[in-house]
Amino acid sequence: MSRINHQIHLASRPQGEPTAENFKLVEAAVPALTEGQVLVRNHYLSLDPYMRGRMNDGKSYAQPQPLGEVMLGGTVGEVVESLNANFKPGDKVVGMGGWQEYQLVDASQRGVLQKVDTSHIPLSAYLGAVGMPGVTAWYGLVKIINPKPGETVVVSAASGAVGGAVGQLAKVRGARAVGIAGGADKCRYVVEELGFDACIDYKAHQDVKSLSAALKAACPNGIDGYFENVGGMILDAVLLRANAFSRVAMCGMISGYNGEPIPMSAPQLILVNRMKIEGFIVSEHMEVWPEALKELGTLVATGKLKYRESVAEGIASAPEAFLGLLKGKNFGKQIVKLI
Ligand SMILES: NC(=O)c1ccc[n+]([C@@H]2O[C@H](COP(=O)([O-])OP(=O)(O)OC[C@H]3O[C@@H](n4cnc5c(N)ncnc54)[C@H](OP(=O)(O)O)[C@@H]3O)[C@@H](O)[C@H]2O)c1
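Residues in the sequence shown are numbered consecutively from 11, following this note's numbering.
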């Protein structure tokens with residue numbers, strides 16, 4: 011039986027903001043399996059901000075996404091055919107299946123496909139709270155900020171996949187968690203559902219002075235740790251409230267992903283406050299993944315780590331959902347349901 015695979019390819023590289031025209035929906039037949047291969051029916055595709063950087067051709071920590079090929083991306087799904095002794099039909103797996111319905115993979119290469127247990131954790135969570143975004147939150151918070159009980163941790167993009175986990179992990183460690191997010195609905199969710207102590211709507215504060223005054227009110231003891239997801243004006247406002255010896259985990263700067271300039275207005279505050287600022291890429295710290303996933307998995311399975319998903323339906327919806335993610339239209343982890 012020949013199967014048809016619908017895929018999204020990168021058709022052209024964006025100049026500034028990407029558009030739907032940068033992507034192309036392609037239909038391809040699934041080839042027959044050869045020894046060692048596994049065919050996975052992808053159930054969910056993860057859409058992540060890093061994909062914007064890969065659409066460019068410039069120098070970065072990762073290779074550019076090749077033109078005319080399936081967009082790269084994390085997926086979870088089910089094995090439907092296998093010529094590999096380690097996998098059998100019905101196994102639930104996580105991998106880098108890309109923006110497509112089926113993934114044919116040589117599973118004899120170690121680590122390309124991981125089996126996951128869905129008895130206590132929903133399959134899609136392995137793309138979010140119990141996957142790459144969760145480990146990202148864990149690494150930046152635990153290994154860089156390392157909050158002590160009573161300290162204040164601030165995180166931007168606080169309602170998102172990474173940000174939501176950061177604040178909850180900070181609370182587990184006895185810290186005060188303050189989010190920054192776009193809009194009253196997202197802020198309400200961050201406080202009422204995720205249990206942060208406060209959340210500031212940056213859209214209600216149009217300049218650094220106003221945002222930093224709001225931070226002062228929400229962080230009466232100053233800021234000891236900042237988990238940076240956005241950059242620009244938000245970083246400037248946080249620096250104005252940073253305590254001596256505070257730590258910044260530089261995770262992402264989404265406000266500059268389309269090439270917008272995001273200068274720092276007062277970098278001297280790093281010196282004045284003797285701050286530690288450390289950038290990191292989660293895939294370069296595979297040694298922490300087992301420990302991080304153990305904590306994240308336990309917290310999700312016991313209902314102590316909450317998360318929310320924005321679900322787009324069908325592979326054809328992936329480009330629009332991705333463009334929306336870059337504009338904050340998502341509310342929680344952005345995924346695409348493929349079956
Ligand atoms: N270093 C690493 O290894 C690593 C790994 C994973 C993710 N990251 C980074 O972590 C950050 C969060 O990723 P995520 O997957 O959790 O995404 P997300 O927060 O679920 O979604 C992105 C959010 O960013 C906010 N945003 C978008 N454009 C913005 C702008 N111009 N100004 C301010 N906020 C904007 C929006 O929230 P609002 O509506 O609240 O503005 C949007 O919902 C990103 O910067 C990403 O690149 C880094």
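Glycine included, every Cβ here is placed at the ideal spot set by N, Cα and C. These figures come from a predicted structure and were not determined experimentally.
Measuring only from the beta carbon, is Ser-220 closer than 6 angstroms to any heavy atom that is part of ligand 1? no
Specify whether the region 95-104 and the region 147-154 touch according to this definition: at least 3 beta carbon pairs, one from each stretch, less than 8 angstroms apart. no
Closest by CA to Gly-170, which one among Ala-117, Asp-195 and Asn-156? Asp-195
Per DSSP, Asp-211 forms a beta bridge with which residues? Ala-191
Please go through the same chain and pick out, in chain order, the residues whose beta-carbon is closer than 7 angstroms to the beta-carbon of Ala-224, but skip the five residues on each side of it. Ile-210 and His-215
Using a threshold of 6 angstroms, is the CB atom of Cys-209 nearer than that to any non-hydrogen atom of ligand 1? no
Does Met-263 pass the burial test, meaning 16 or more other C-beta atoms within 10 Å, or should it be called exposed? buried
Is it buried or exposed, Arg-284, if we count other Cβ atoms within 10 angstroms and call 16 or more buried? exposed
Within 8 angstroms, do at least three Cβ pairs link the region 182-190 to the region 274-288? no
DSSP three-state label for Gly-307, please. helix
Answer yes or no: the CB of Tyr-60 versus the heavy atoms of ligand 1, is any distance below 6 angstroms? yes
With C-beta atoms as the reference, is Gly-241 less than 7 angstroms away from Gly-26? no
Does the beta-carbon of Lys-343 have 16 or more other beta-carbons within 10 angstroms, so that it is buried, or is it exposed? buried
Cα-Cα separation, Asn-231 to Gly-68: 41 angstroms
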